[in-house]
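**Student:** Could you have a look at this structure, given as structure tokens, before my questions?
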Amino acid sequence: MVGFILRRVGVSILILLAASFVMFNLVALSTDPLEDLRSSNNPNKQQLIEARIQLANLDVAPPLRWAMWVGGAAKCLIPFANACDLGTTFQGAPVTDVLPIAMVSTIQMVTAALLLAILFGISTGILSALRENSGFDVSFTVLSLFLYSLPSFLAAALLKNFVAIGFNDFLQDPVIPIVVAVIVGIVVALIVQAVVGGDARRRITSGGTSFVLTTGLLLYMSVTGWFLTPGFGPVGIIVLSAGAALGVTVLIAGIHQRRALLTAGIVAVAGIISYFALQGLFDVSTFATIGILFVVALAVGFAAGFFVGGDDRAQNMRIGVLVAVIISVIILIDRFMQSFPGYMEDMNGRPIATVGSSTPGYAPDNMWRVGLDVFFHLLLPTISLLTISFAGYTRYARAGMIEVLSQDYVRTARAKGMPERVVVVRHAFRNVLIPITTLVATDLGGLLGGAIITEFIFAIPGMGALFQRSLGPGDLYPVMGYFIVIAFMAILFNFLADLAYAALDPRVRVR
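Residues 5 to 515 (the numbering used here) are what the sequence shown spells out, left to right.
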């Protein structure tokens, strides 16, 4: 393992050096960094030209400038030396000061889009494979192909016009007509009965139940003004926590595994108690406090699985930790929703933003409104990027699951009488993830590339905007700062994909 890591690090350094050399010289030779000054009417433009030549070392040949830049960039590898030098912009600002500011919004947006695409894409793909050639499968196949072919700039424009403006207008009088609630209920019922499958009676029962629940819930939210004062409330927290515990247990261990059910139940009860006990602390919490509480929640889930697990201790610890994560997220979402009325008032009743990564000059006195401000500013850009990746994960997961389910070891597992849940979750799902790990590594580059267009449309001051703003006038060093971050992340994710192969497939060994 150590030898493999050292070899990969060495190869990665060589790749970074070669790629940076090509990129540096391409930009240096294809742009004119003095063009704007030459066409200027400023009386002291000659002095400005000489100052820029000195600032950017333009009197040095590009290959030598690259060597000088690499020498400064290499200092970034020295820990605690505070000597990292990636050059300066034409405005005289160090790239090491400009780049981190731009990275924050881009990393938040790309990370959220990547995680959501993996979660929803793989889930949808597996369900499509399990319901191959059904109405559900055909519908989501068409949807995924549509999203795959949808240009990111068009998706962004549609989101700004129909989601942001439309929803903000809806919040002025948040009443859902009965006809709309019924139509949404029918659509949800059709999806649910297609997912559940089975005979006609089972489909009618599942579809009818989901129709009644969906329609009733929408009308209840409309009548009570839930959209203006959202929240799960104590009843919702209890129901969702119990549902999370039951769902995770059924998915991983099966409903008849008492120790697994007990583990999930203990974590759910602990989560419900913490919801009521920590409301006062939430009012004065910081992001560090939330991080500590999340670690405590993971420890509770781990401990519950360890002490209750019995012979299946490892499995029950996974159940405990997963239930703890889900309930923690539910409680956090509820607390953010409790702060929504105040945030909406601060935004003059139009919370979903269409430009920027945050509201200029907005500095509320609690972290919840800060989080909502970031969320509503990055919501539409994240969805726009999500459409790029969702289709790919859906198609890969569907094709992989169909192929795996036809393998001999899956047929053998079914012949032994194993439940379908065990066949899918324990035998098939793990093997489906192997090719998807490669897709994750390559998809990161696609998301970062798409972020340039998305950031331009939504006026987000991220890395894409920094690249675009610097490339035009030939401001080389910010371009190289952008490039080195993107190249490093691409190489890192490919390295992690190699390690994931060994974890997912015992036949793969890292030597």
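Just so it is clear, CB atoms sit at the ideal spot from N, CA and C, and this is done for glycine as well.
Just so it is clear, the structure is predicted and the values come from calculations on it, not from any experiment.
Please state whether DSSP places residue 368 in a helix, a strand or coil.
**Tutor:** Three-state result, residue 368: coil.
**Student:** Does the stretch 221-228 come close enough to the stretch 171-188 to have 3 or more Cβ pairs within less than 8 Å?
**Tutor:** The stretch 221-228, when compared against the stretch 171-188, does touch it at the 8 Å Cβ threshold.
**Student:** If residue 140 and residue 131 are in contact, beta carbons under 8 Å, what's the gap, nearest whole angstrom?
**Tutor:** Between residue 131 and residue 140 the Cβ distance is about 7 Å, and since that is below 8 Å, they are a contact.
**Student:** Thinking C-beta only, is residue 122 closer than 9 Å to residue 397?
**Tutor:** For residue 397 and residue 122, yes; Cβs fall inside 9 Å.
**Student:** Decide yes or no for the touch test of the stretch 405-424 against the stretch 482-497: beta carbon pairs closer than 8 Å, at least 3 of them.
**Tutor:** The stretch 405-424 is not in contact with the stretch 482-497.
**Student:** Can you tell me whether residue 482 is helix, strand or coil according to DSSP?
**Tutor:** Correct three-state label for residue 482: helix.
**Student:** Closer than 8 Å is the cut-off here; do at least three beta carbon pairs connect the stretch 203-213 with the stretch 145-163?
**Tutor:** No: fewer than three Cβ pairs fall under 8 Å.
**Student:** What is the DSSP secondary structure of residue 35, counted as helix, strand or coil?
**Tutor:** The answer is coil: DSSP assigns residue 35 none of H, G, I, E or B.
**Student:** Can you tell me which of the three DSSP states residue 363 falls into?
**Tutor:** Coil.
**Student:** Which complete alpha helix (DSSP H) runs does the stretch 399-465 hold, if anything under 4 residues is left out?
**Tutor:** Whole alpha helix (DSSP H) segments, 4+ residues: 412-419, 433-461.
**Student:** How do the stretch 243-259 and the stretch 287-300 stand: do at least 3 beta-carbon pairs fall below 8 Å, yes or no?
**Tutor:** Touching, no, given that fewer than three Cβ pairs across the two stretches are closer than 8 Å.
**Student:** Less than 8 Å between the CB of residue 385 and some heavy atom of the ligand COA, yes or no?
**Tutor:** Of the ligands one can find in the structure shown there are none, so the ligand COA has no counterpart to examine.
**Student:** Terminal residues of the continuous alpha helix (DSSP H) containing residue 135?
**Tutor:** Looking at the DSSP string, residue 135 is not in any alpha helix (DSSP H), and its letter there is neither H nor E.
**Student:** For residue 353, count neighbouring C-beta atoms within 10 Å of its own C-beta (all shown protein chains included) and say buried if the count is 16 or more, exposed if not.
**Tutor:** Exposed: under 16 other Cβ atoms inside 10 Å.
**Student:** Could you pull the start and end residues of the alpha helix (DSSP H) that residue 72 belongs to?
**Tutor:** First-last of the alpha helix (DSSP H) with residue 72: 66-78.
**Student:** Below 9 Å between beta carbons: does that hold for residue 252 and residue 323?
**Tutor:** Yes.
**Student:** Could you check the C-alpha separation between residue 268 and residue 417 for me, to the nearest Å?
**Tutor:** If I take the Cα positions, the gap works out to 27 Å.
**Student:** Whole angstroms is fine: what's the gap from residue 246's alpha carbon to residue 338's?
**Tutor:** The alpha-carbon atoms of residue 246 and residue 338 are separated by roughly 16 Å.
**Student:** From 356, 43, 494, 401, pick the residue whose C-alpha is nearest to that of residue 148; which is it?
**Tutor:** When each option's Cα is compared against that of residue 148, the closest is 401.
**Student:** Within a Cβ cutoff of 7 Å, which residues of the same chain sit near residue 374, ignoring the five residues on either side of it in sequence?
**Tutor:** If we look at residue 374 and ignore the five residues flanking it on each side, its Cβ neighbours are 368.
**Student:** May I have the straight-line CA-CA distance separating residue 344 from residue 378, to the nearest angstrom?
**Tutor:** About 13 Å.
**Student:** Might you give, ordered along the chain, the residues of its own chain that have their beta carbon closer than 7 Å to the beta carbon of residue 454, omitting 5 neighbours on each side?
**Tutor:** Excluding residues within five positions, the ones whose Cβ falls inside 7 Å are 156, 389, 392.
**Student:** Are at least three pairs of beta-carbons, each pair with one atom in the stretch 455-466 and one in the stretch 17-25, less than 8 Å apart?
**Tutor:** Not touching, per the Cβ criterion.
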